[in-house]
Every structure is written in C-alpha cells, then in structure tokens.
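Novice: After the structure tokens below, expect a handful of questions from me.
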Amino acid sequence: MSATTVLWVTLAVFAQESVWNFYDAQVPAELRHYLTSAGLIGLIMGMDNVLGVLIQPWMGFLSDRRAREGKGRWAIILSGAALASLPFALIPWTRDLPTLLLCVVVFAATANAFKGVTETLVSDYVSPTHRGKAQGFVKAGVSLTIVVSSLISLLVVDRSITLAFAIPPVLMLLLLTASWTFLGRRRNTPTAQEETPEESAAAEFSSPWAVIKDMVRDPSRARALLMLGIFCFAGMWSALRSLMTPYGTETLGLSRGAAGGLALPGALAFLVCVVPLAYTSTRLGQVRAMRYGVGLFVVGLLIGFLSPTVPGTVTSLVITSVGYATFAVNALVALWDLAPSRHVVGTYTGLYTVASSTGAALGPALLGLTVDVTGWRFMLLNGAAFAAITFVVFTRLARRVTRTATP
Numbered sequence: 067m068s069a070t071t072v073l074w075v076t077l078a079v080f081a082q083e084s085v086w087n088f089y090d091a092q093v094p095a096e097l098r099h100y101l102t103s104a105g106l107i108g109l110i111m112g113m114d115n116v117l118g119v120l121i122q123p124w125m126g127f128l129s130d131r132r133a134r135e136g137k138g139r140w141a142i143i144l145s146g147a148a149l150a151s152l153p154f155a156l157i158p159w160t161r162d163l164p165t166l167l168l169c170v171v172v173f174a175a176t177a178n179a180f181k182g183v184t185e186t187l188v189s190d191y192v193s194p195t196h197r198g199k200a201q202g203f204v205k206a207g208v209s210l211t212i213v214v215s216s217l218i219s220l221l222v223v224d225r226s227i228t229l230a231f232a233i234p235p236v237l238m239l240l241l242l243t244a245s246w247t248f249l250g251r252r253r254n255t256p257t258a259q260e261e262t263p264e265e266s267a268a269a270e271f272s273s274p275w276a277v278i279k280d281m282v283r284d285p286s287r288a289r290a291l292l293m294l295g296i297f298c299f300a301g302m303w304s305a306l307r308s309l310m311t312p313y314g315t316e317t318l319g320l321s322r323g324a325a326g327g328l329a330l331p332g333a334l335a336f337l338v339c340v341v342p343l344a345y346t347s348t349r350l351g352q353v354r355a356m357r358y359g360v361g362l363f364v365v366g367l368l369i370g371f372l373s374p375t376v377p378g379t380v381t382s383l384v385i386t387s388v389g390y391a392t393f394a395v396n397a398l399v400a401l402w403d404l405a406p407s408r409h410v411v412g413t414y415t416g417l418y419t420v421a422s423s424t425g426a427a428l429g430p431a432l433l434g435l436t437v438d439v440t441g442w443r444f445m446l447l448n449g450a451a452f453a454a455i456t457f458v459v460f461t462r463l464a465r466r467v468t469r470t471a472t473p
C-alpha cells in the first residue's frame, strides 16, 4: 500500500467533508434568522440526505462508465466541487429566506453529485487487499474535519461570517486540485487490470436499477443482507447520537451543555482506534470484523443501561464508538468486495449512501417511539434490542459469505 497515494485520497475525502461539517454546524443558525420552528429547520437540514439518496447512485453509475472508458472520475469531482463552492459561499450574503433556500438546495444537490464519487477513489487507487487499511486512514481524516469546522466557527464566525463561509470551499478546491495533481493522471490503478468474462458482462448494466436487480437476484443474498445491515447499524448509531443529549438531561440529571459533551470521549476513542481496527479487520475479514463490532455495540449499550450514571454512560459511549468504528471502516469496503465487478463500485458507493442515509433518517424516530412507551431510563436497553437484530443480520451475512467463499 502506497502511503502517499492513501494520503492524497484521504485529503480528497477530507476536503469535501470539511465543507459538509461546516454546513451542518452553521447553516441552521442562518435559517434561524427567518424560521422559529426547530422542526422545520431540521427538515431543511435533512434534505441533503434525501437528495443524496436520489442523486448519488446515478452519479456513481456515471462515474463508473467514465472509469471504464479510461476517462476517470476526476472531471465529475472537480467540476462538482467548483459548482458547489459558489452557492455555499453565497449563503451568508442572502437577505431573504427564498434566496437562502435556493443556495442551500443548489449546494446540497451539487455537493451530493460528487460526494460518493470522491469516496470511490479508494477503490481506484488502492488494491482490494489494502482497501480496508486505507479506509481506516480515510475515516481518521474525516473525523478531523470536525476539529477544522470547530476552529473556523470559534476563530472566524464571530468576526466575519462571510469569510467563515468562504474558507471551507476554498480549502476544498485547493486540496482536491492538489490531490488530482498527484493522482489524476495515474493509470496504474486497480481498474486498469484485465477484465474477466464475468466482469465484462457485469459492466453492461444499463442503469443503477439494473445493478439493484442483479443484487436482489443474487442467490446468496449476501449483498442484500449487507445493505440491510448497513441500514440497521447506521440507524442505531444516528439514533444514539441524536437522543443522547436529552437522555443525559432526563436520566442523568445533567445540564444541556454537559449532556452534549457526553459524546466527546467516544469521539476521541473513535479517532484513536480507527486505524488499528482497519489493520485488524484486514486479517479477520471485513464481515467478521463488523459482526464483532455490532456485538461490542450491544455490550456497550447494556453497560450504559445497567449503570445509569455519568461514568457508566461515558464508558458505554466509548465502547459503542469502538464498535461503530469497526463498522465504519469495513462496511463500504465489504460492499465493494461483494460487487459483481470493479466497474460498478461507484454505483455501490451510491447504494451505500441510500442504505445509510435512510437508516440515519428513520433510526432516531424509531428509537424515539420506544422511549415514548418505556421512558428515557430504558432508552439504551431499547437500543440494545434493536442492535441485537442487527447482530443477527451480520451473523447470517457472515455465514453466507463463508459459504460462498467455500469451493
């Protein structure tokens, strides 16, 4: 595995994610100038997930065609970044709600058009045996974007909001251009290998719908099970993050600020362990590693339920974060490995977004409904029950993959 190649791929993903993190942190405050309803603001902020579900599979399919023709994915990435930068930088210049919404919608649509394509660069420049390890470095880089976004908010926003919104897109364009300069003209990528007859047939998919039909008709059902597992785990992780602050105030008796800080130790644990977990998962196999990660996630939630104290909850969140890190590193790589051809990995990246975004949208609502029935004290136990279902999904998946791999 080339360290410099992984570095430039990581910087490319880091560049786009830094914009998204600042978007999530500061656009709600811009909407507050015109809207008082937190629910309506949340609905607008969730719109990018809906657009991602609609756009990313098609853009991934288009990028696969370009990669198969030897044109590469960089034209989509660079043009998309340039187009997304303008509405993003104009957000603080708007003076009415319709103009602000126009900038938000145009940015979300154009940024989603190249988001999944950028994430697919790992499969283009890293061989299959090293993708898991490379993904560990990519996820570590993505986690650092929260730090960058926080620093811009802390040091620049109160002094000049227009400058604060200009920094992330400029940073994105500079890093993507630098990454393209190093990687864009390379031809010795995994996609340049000789095709097998099966891959040549798979390359003839006419649309993302044809890829989905092939996945559903797969006799092993391994890819469909993995998509279900991604949906379930992304939903439970999103639910845990979304509801932890009210859990801290209602069950632990913390202030809103203190409850919001409960997740910090878990975030640090994620950052520390994500790369070692990537190397360990390469030896275990991605699907087995994810199964262990889901099991650890369940254990962490049970510890938090049995010890409804601040130390117990922090310990729970550290353990669940490590379990989620195992999933975050391996899920997309496992989906690429199960794809029928390396020529559809971009489309599969888009399908990963469909599963994870849908789960992230529905998970908090589902767990919240159980809290309405049982009360906040049982939230972590309810989450453990849902996570146990996810564990069953990954257990079946591990058996299917093992059976398929056995001659």
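Quick note: the sequence shown, position 264, residue 330 per the numbering used here, numbers continuous. Note that the Cβ used here is the ideal one computed from N, Cα and C, for glycine as well.
#1: What is the DSSP secondary structure of Pro285, counted as helix, strand or coil?
#2: Would you mind working out which of Leu101, Val399, Ala305, Phe452 sits nearest Asp162, comparing C-alpha positions?
#3: Does the stretch 350-366 touch the stretch 381-392, meaning 3 or more C-beta pairs lie closer than 8 Å?
#4: Less than 8 Å between the CB atoms is what I'm expecting for Pro94 and Met111, so what's the real figure, rounded?
#5: Give me, in chain order, the residues of the same chain whose beta-carbon lies closer than 8 Å to that of Val183; leave out the 5 immediate sequence neighbours on both sides.
#6: Output the distance between the C-alpha atoms of Trp303 and Ala133, rounded to the nearest integer angstrom.
#7: Inspect the beta-carbon positions of Pro158 and Glu96 and report whether they are closer than 9 Å.
#8: In whole angstroms, what separates the C-alpha of Pro374 from that of Val380?
#9: If you draw a straight line from the alpha carbon of Thr348 to that of Thr228, how long is it in whole angstroms?
#10: Only counting the same chain, and skipping five residues up and downstream in sequence, which positions put a Cβ closer than 6 Å to that of Gly429?
#11: Please classify Arg349: does DSSP put it in a helix, a strand, or coil?
#12: Can you look up His99 in the DSSP assignment and give me helix, strand or coil?
#13: Specify the secondary structure class of Lys137 as computed by DSSP and reduced to three states.
#14: So is the beta-carbon of Leu330 under 8 Å away from any non-hydrogen atom of the ligand ADP?
#15: Give the secondary structure of Gly441 by DSSP, where H, G and I count as helix, E and B as strand, and everything else as coil.
#16: Since I believe Leu433 is in contact with Phe452 (beta carbons under 8 Å), could you give me their beta-carbon distance rounded to a whole number of angstroms?
#17: How should Val458 be labelled, buried or exposed, when 16 other C-beta atoms within 10 angstroms of its C-beta is the threshold for buried?
#18: Measuring CB to CB, does Ser308 end up less than 9 Å from Asn115?
#19: So is Val439 buried or exposed if we call it buried at 16+ other beta carbons inside 10 Å?
Specialist: Judging by the given coordinates:
#1: Numbered from 1 along the sequence shown, position 219 holds the residue referred to as residue 285. In this structure, Pro285 counts as coil in the three-state DSSP scheme.
#2: Here residue 162 refers to the residue found at position 96 when the sequence shown is read from its first residue. Looking at Leu101, Val399, Ala305, Phe452, the one whose alpha-carbon comes closest to that of Asp162 is Leu101.
#3: Contact between the stretch 381-392 and the stretch 350-366 is present, with at least three C-beta pairs closer than 8 Å.
#4: Position 28 of the sequence shown, counted from the first residue, corresponds to residue 94. Position 45 of the sequence shown, counted from the first residue, corresponds to residue 111. With 8 Å as the limit, Pro94 and Met111 qualify as a contact, their Cβ atoms being about 6 Å apart.
#5: On the sequence shown, position 117 is the one that residue 183 refers to. If we look at Val183 and ignore the five residues flanking it on each side, its Cβ neighbours are Met125, Gly126, Ser129, Arg139, Ile142, Ile143, Gly146, Gly412, Thr415.
#6: Looking up residue 303 in the sequence shown gives position 237. Looking up residue 133 in the sequence shown gives position 67. If you take the alpha carbons of Trp303 and Ala133, they lie about 33 Å apart.
#7: One-based indexing of the sequence shown puts residue 158 at position 92. One-based indexing of the sequence shown puts residue 96 at position 30. In contact: Pro158 and Glu96 (Cβ atoms closer than 9 Å).
#8: Here the question's residue 374 lines up with position 308 in the sequence shown. Here the question's residue 380 lines up with position 314 in the sequence shown. One C-alpha to the other measures close to 10 Å.
#9: Sequence index remark: in the sequence shown, residue 348 carries index 282 (1-based). Sequence index remark: in the sequence shown, residue 228 carries index 162 (1-based). Roughly 44 Å between the two C-alpha positions.
#10: Against the sequence shown, residue 429 aligns to sequence position 363. Closer than 6 Å at Cβ, skipping near neighbours: Gly301, Met302, Ser304, Ala305.
#11: Translated into positions along the sequence shown, residue 349 becomes position 283. For Arg349, the secondary structure class from DSSP, reduced to helix, strand or coil, is helix.
#12: Against the sequence shown, residue 99 aligns to sequence position 33. Looking at His99 - three-state DSSP - the assignment turns out to be coil, as it is neither helix nor strand.
#13: Mapped onto the sequence shown, residue 137 falls at position 71. Three-state result, Lys137: coil.
#14: Questions concerning the ligand ADP fall outside what the structure shown contains, since it holds no ligand whatsoever.
#15: Here residue 441 refers to the residue found at position 375 of the sequence shown. Note: Gly441 maps to coil in three-state DSSP.
#16: Here residue 452 is taken as the residue at index 386 of the sequence shown, counted from 1. Here residue 433 is taken as the residue at index 367 of the sequence shown, counted from 1. Going by Cβ atoms, the distance from Phe452 to Leu433 rounds to 7 Å, so yes, they are a contact pair.
#17: What you label residue 458 is simply residue 392 of the sequence shown in a count that begins at 1. The Cβ neighbour count for Val458, taken over all protein chains shown within 10 Å, is under 16; the residue is labelled exposed.
#18: Position 242 of the sequence shown, counted from the first residue, corresponds to residue 308. Position 49 of the sequence shown, counted from the first residue, corresponds to residue 115. Remark: C-beta atoms of Ser308 and Asn115 do not approach each other more closely than 9 Å.
#19: To locate residue 439, count along the sequence shown from 1; it is residue 373. Answer is exposed; the Cβ neighbour count stays below 16.
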